[in-house]
Amino acid sequence: MAVTEFQLFEAIGRVKDEYLADCEKTAKHHRRRLGWAYAAAVVVVIIGIYLAFPGGDDQSPWPVKEIHVEENSGETAEIPHWQDLTVSQQYTAANIGGIEYSSCGTSITPEYIGGIIDVEAWAQGIDGYADKLYTTEIRVYQIAGISSDCAVAVEFYELGDTGRYAYVNPSYRPDTLGQFIQDLNLQENLNSGSAWYSYLKDNGEYATVEFVDLDDSVVWDMLLSDISAESVQNYDAMEFAE
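Positions in the sequence shown are counted from 1; adding 61 to them yields the working numbering.
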């Protein structure tokens, strides 16, 4: 299906806004790809949709709601100046215990902050206009209910900023779907939104079809149907198990 990573992410909703609401905005500035974690959940839901609604011809059993998709104009956005960015947008990478985490550009409210993680950690960011690299020490905290292998909260204490910001590990790879659901506490944090499908019309053209108001119980029936399913070793190869 010809959809972007961000469309795929939105296809199953998103991790609660308190955690990762601004990931798309930050990634546009820094051209970072979404981590495996998001893609894994998406694959499960997309495969589930194909299993539930096989086809792609005019025998489709669901109402076709075609939506307009804007073409990319090819224009590039101006890179913001360093002083116009928030601290978590300035420092886009964090080395935490030897693993590089990426900023989501969003803060986390105190009720979702867990205990401090005692590891050596620092963050880095580049001022694109001055071509200058900045480095600062950081404190790292657990996010309540979320495995630190996947995401953490970062505090820029050395800069006098007491806020805590979400950073994700783009190389995070659970062994199974069950581990993935547990590590992200998805049964508490995953909200079902819309899903998209590329529908083959009678004239041979593809249309983008939207499914709205997904039934949470159906989504979870799909996600929990085989929690022993192993993670895909090479996502780009698109070689998925049944």
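Every residue, glycine too, gets a C-beta built ideally from N, C-alpha and C.
Reduced DSSP secondary structure (H/G/I, E/B, other) of residue i
{"i": "Y202", "result": "strand"}
{"i": "E300", "result": "coil"}
{"i": "S253", "result": "coil"}
{"i": "E71", "result": "Summary for E71: the model assigns pLDDT 45, below 50, so the residue's position carries little reliability; its value from the coordinates is reported in the next sentence. Correct three-state label for E71: helix."}
{"i": "H91", "result": "Any answer about H91 is weak, because its pLDDT of 44 lies below 50 and its placement is not dependable; what the coordinates show is given next. Residue state, collapsed to three classes: helix."}
{"i": "Y99", "result": "Any reading at Y99 must be qualified, since the residue scores a pLDDT of 48, below 50, and its modelled position is unreliable; no value is offered."}
{"i": "Y111", "result": "Low local confidence applies: a pLDDT of 43 at Y111 is under 50, so the model's placement there is unreliable, with the coordinate-based value given in what follows. Y111 falls in the helix class under three-state DSSP."}
{"i": "D263", "result": "coil"}
{"i": "P231", "result": "coil"}
{"i": "D287", "result": "coil"}
{"i": "C84", "result": "Caution applies to C84, whose pLDDT of 46 falls short of 50 and renders its modelled position unreliable; the model cannot decide the point."}
Where the alpha helix (DSSP H) containing residue i begins and where it ends
{"i": "G239", "result": "L238 to D244"}
{"i": "S278", "result": "D277 to L284"}
{"i": "E249", "result": "L247 to N250"}
Proximity of residue i and residue j at Cβ, strictly below 7 Å
{"i": "Y202", "j": "I177", "result": "yes"}
{"i": "I169", "j": "A256", "result": "no"}
{"i": "A212", "j": "I199", "result": "no"}
{"i": "G166", "j": "Q150", "result": "yes"}
{"i": "V229", "j": "A155", "result": "no"}
{"i": "S292", "j": "P235", "result": "yes"}
{"i": "G206", "j": "N246", "result": "yes"}
{"i": "S253", "j": "D282", "result": "no"}
{"i": "G239", "j": "I288", "result": "yes"}
{"i": "I160", "j": "R225", "result": "no"}
{"i": "E219", "j": "T197", "result": "yes"}
{"i": "A268", "j": "Y260", "result": "yes"}
{"i": "D210", "j": "Y233", "result": "yes"}
{"i": "F33", "j": "V273", "result": "The chain is shown only over 62 to 303; residue 33 falls outside these bounds and no answer can be derived."}
{"i": "S208", "j": "D244", "result": "yes"}
Element boundaries [beta strand (DSSP E), containing residue i]
{"i": "E216", "result": "A212 to E216"}
{"i": "Y190", "result": "First-last for Y190: undefined, no H or E at that position."}
{"i": "E291", "result": "From DSSP, E291 is part of no beta strand (DSSP E); its letter is neither H nor E."}
{"i": "Y267", "result": "Y267 to F272"}
For residue i, the residue or residues it bridges with in DSSP
{"i": "R225", "result": "E216"}
{"i": "Y258", "result": "V270"}
{"i": "Y195", "result": "G186"}
CB contact below 7 Å: residue i versus chain C
{"i": "L238", "result": "In the displayed structure, chain C is absent; only one protein chain is listed."}
**Request:** Kindly provide the ranges of any beta strand (DSSP E) runs that are 3 or more residues long and lie completely inside the region 126 to 182, ordered along the chain.
**Result:** Correct list: 154 to 157, 160 to 168 and 174 to 178.
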